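**Q** In my numbering, the protein residues as written are 1164 to 1207.
1) What alpha helix (DSSP H) runs, 4 residues minimum, are completely inside the stretch 1168 to 1207?
2) Quick one: residues in its chain with C-beta nearer than 6 Å to the C-beta of residue 1190, no 5 flanking neighbours on either side, listed in chain order?
3) Determine the contact status of residue 1172 and residue 1198, defining contact as a CB-CB distance below 8 Å.
Following this line, the structure appears as structure tokens:
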């Protein structure tokens, strides 16, 4: 927003915002670990 460059992190969503929406748990787990590492420098 307002011209500020941002990065988004996919979290394993498949067909988001549809009746066929689901989450790929291994991809979700990996995204959580990456987000944790980015936030605090460790991935558990």
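Even glycine gets a Cβ: it sits at the ideal position worked out from N, Cα and C. These numbers were taken from a predicted model, which means no experiment stands behind them.
**A** Checking against the coordinates, here is how it stands:
1) 1188 to 1203
2) 1175
3) yes
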